[in-house]
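Contents: one structure, followed by commentary.
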Amino acid sequence: VPPKDQAVDVASPALSSDSRFEQDQGSIAIINSVEVIPRLTTKYVPYFNWDSDSHHSANEKVATLRLLYPAPDSSEEYPLLVPRVGKSDAHVANEYVPINELINTVHVVGKYLLGDELATKAVTDPGTGILRMLERARNKRDGPGFVRAVQDYNRIIEARRAVLDGIGYKKWGLPYELVTHVMDQVYNRVVAPKVDLLGNYKAFSNNVYGEVNPILVKEFIKRTNLGPDGVFVDLG
1 VPPKDQAVDV ASPALSSDSR FEQDQGSIAI INSVEVIPRL TTKYVPYFNW DSDSHHSANE
61 KVATLRLLYP APDSSEEYPL LVPRVGKSDA HVANEYVPIN ELINTVHVVG KYLLGDELAT
121 KAVTDPGTGI LRMLERARNK RDGPGFVRAV QDYNRIIEAR RAVLDGIGYK KWGLPYELVT
181 HVMDQVYNRV VAPKVDLLGN YKAFSNNVYG EVNPILVKEF IKRTNLGPDG VFVDLG
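Residue numbers for the sequence shown follow the UniProt record's numbering, so the first one is 1 and each next one is one higher.
Laid out in structure tokens, this is it:
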């Protein structure tokens with residue numbers, strides 16, 4: 001159980017009975033990472049090299065990779081691209097980098113959602129884990145190595161899906177790191193593509209736009225002891 005200040009409580013009756021927790025409620029439109037890139041004004045270019053493995057020829061370059069999620073029939077397609085300004089460096093400030101998000105997704109899934117010590121170690125071990133393989137391949141721009149690491153991760157997810165139900169966190173809350181990652185994913189898919197429109201408002205009007213990021217929300221919760229039944233009112 002994580003420390004109280006590192007978890008978001010979701011155990012209130014209102015949330016537990018929320019229909020969004022129920023299965024078989026119909027399909028939900030998911031915005032894949034690969035769909036985000038065309039919506040952004042930033043230009044993207046391929047990042048990896050593909051000549052480091054004799055099993056991959058120039059005609060076998062991989063443009064996207066499908067990453068499996070723990071939920072049944074759930075996955076996401078990631079483009080292996082970086083912003084043009086960051087072609088020499090995958091770490092680009094204030095830009096959406098799908099390769100980095102893929103690695104971060106593997107990190108939080110491996111750390112929090114596998115429910116098995118051996119599977120978790122296979123992903124997160126700092127020396128030999130899949131996460132380390134992904135980081136090493138990214139840093140070396142090794143395309144084939146990156147593909148192999150994602151394939152290894154997907155095999156673990158396929159093996160664990162049969163025993164994962166996803167309801168354990170309703171008992172004590174979601175880890176802050178996991179919540180932040182999901183919020184970042186939502187922001188990159190919903191807000192970032194229209195960020196230029198957010199500043200298009202009349203000063204001091206009711207349409208003034210402002211953002212409160214998860215780090216500040218965590219501080220609000222910690223300082224006010226805000227719980228599932230509390231109400232936060234933004235007067236700013």
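Ideal placement from N, C-alpha and C gives every residue a C-beta, glycine not left out.
Which same chain residues, not among the five before or five after P126, have their C-beta less than 7 Å away from its C-beta?
Translated into positions along the sequence shown, residue 126 becomes position 126. Only R132 meet the Cβ criterion.
Out of E76, Q185 and G230, point me to the one whose CA is closest to Y96's CA.
Locating residue 96 in the sequence shown gives position 96, where the first residue counts as 1. Nearest of E76, Q185 and G230 to Y96, Cα basis: Q185.
Work out the CA separation of D196 and E35 for me, nearest whole Å.
In the sequence shown, residue 35 corresponds to position 35, counting from 1. In the sequence shown, residue 196 corresponds to position 196, counting from 1. Cα-Cα distance, rounded: 18 Å.
DSSP beta-bridge partners for V45?
Working through the sequence shown from its first residue, we reach residue 45 at position 45. Note: V45 sits in a beta bridge opposite V82.
Please check the pair H181 and V108, which I expect to be a contact at CB under 8 Å, by giving their CB distance rounded to whole angstroms.
Reading the sequence shown from its first residue, position 181 is the one you call residue 181. Reading the sequence shown from its first residue, position 108 is the one you call residue 108. At roughly 5 Å, the Cβ-Cβ gap stays under 8 Å, so H181 and V108 are in contact.
Extent of the continuous beta strand (DSSP E) run through R66:
In the sequence shown, the residue the question calls residue 66 occupies position 66. That run of the beta strand (DSSP E) goes T64 to L68.
Among residues of its own chain, excluding the 5 on either side of A159, which ones have a beta-carbon nearer than 8 Å to its beta-carbon?
Locating residue 159 in the sequence shown gives position 159, where the first residue counts as 1. Same-chain partners within the cutoff: A119.
With a threshold of 8 Å between beta carbons, is T105 in contact with chain B?
Of the protein chains in the structure, only one exists, and it is not chain B.
Sequence-distant residues of the same chain with beta carbon closer than 7 Å to E177, five excluded per side:
Looking up residue 177 in the sequence shown gives position 177. Hits under 7 Å: V108.
Complete alpha helix (DSSP H) runs within the region 112-141 (minimum length 4 residues, chain order)
117-124 and 130-140
Ignore the nearest five residues each way along the sequence and tell me which others in S57's own chain have a CB closer than 7 Å to its CB.
As a working mapping, residue 57 is identified with position 57 in the sequence shown. For S57, the predicted model reports a pLDDT of 46, less than 50, meaning its position is unreliable; a value from the coordinates is still stated below. Same-chain partners within the cutoff: there are none.
Quickly, what does DSSP pair E77 with across the bridge? List them, please.
Numbered from 1 along the sequence shown, position 77 holds the residue referred to as residue 77. R66, per the DSSP bridge assignment.
Environment of F146 [buried if 16+ CB atoms lie within 10 Å]
Numbered from 1 along the sequence shown, position 146 holds the residue referred to as residue 146. With 16 or more Cβ atoms within 10 Å of its Cβ, F146 is classed as buried.
Report the rounded CA-to-CA distance for Y153 versus R136, giving the unit in angstroms.
Taking the sequence shown and counting its residues from 1, one reaches residue 153 at position 153. Taking the sequence shown and counting its residues from 1, one reaches residue 136 at position 136. C-alpha separation (whole angstroms): 15 Å.
Thinking L65 and L80 are a contact (beta carbons under 8 Å), I'd like their distance in whole angstroms, please.
Locating residue 65 in the sequence shown gives position 65, counting from the first residue. Locating residue 80 in the sequence shown gives position 80, counting from the first residue. Indeed they touch by this definition, with Cβ atoms about 7 Å apart.
Determine the contact status of A122 and G129, defining contact as a CB-CB distance below 8 Å.
Position 122 of the sequence shown, counted from the first residue, corresponds to residue 122. Position 129 of the sequence shown, counted from the first residue, corresponds to residue 129. Against a cut-off of 8 Å, the Cβ pair of G129 and A122 comes out as a contact.
Closest by CA to T124, which one among A149, G230 and N139?
On the sequence shown, position 124 is the one that residue 124 refers to. When only C-alpha atoms are compared, the closest one is A149.
Have a look at L198 and Y187 and give me their C-alpha separation to the nearest angstrom.
Counted from its first residue, the sequence shown places residue 198 at position 198. Counted from its first residue, the sequence shown places residue 187 at position 187. Their backbone Cα atoms lie some 13 Å apart in a straight line.
Using three-state DSSP, classify P228 as helix, strand or coil.
Start at 1 with the first residue of the sequence shown, and residue 228 comes out as number 228. The answer is coil: DSSP assigns P228 none of H, G, I, E or B.
Quick one: Cα of N102 to Cα of Q151, how far?
Reading the sequence shown from its first residue, position 102 is the one you call residue 102. Reading the sequence shown from its first residue, position 151 is the one you call residue 151. The amino acid at residue 102 is misidentified as Asn; the sequence shows Leu. Each residue's alpha carbon lies about 13 Å from the other.
Length of the line joining the Cα atoms of V233 and G210
For the purposes of this step, residue 233 is identified with residue 233 of the sequence shown, where counting begins at 1. For the purposes of this step, residue 210 is identified with residue 210 of the sequence shown, where counting begins at 1. Taking the straight line joining both Cα atoms gives about 14 Å.
Let me check one thing: in DSSP terms, what residues is P38 bridge-paired to?
As a working note, residue 38 is residue 38 in the sequence shown. Paired residues: none, contrary to the question.
What is the DSSP secondary structure of L174, reduced to helix, strand or coil?
Numbered from 1 along the sequence shown, position 174 holds the residue referred to as residue 174. Correct three-state label for L174: strand.
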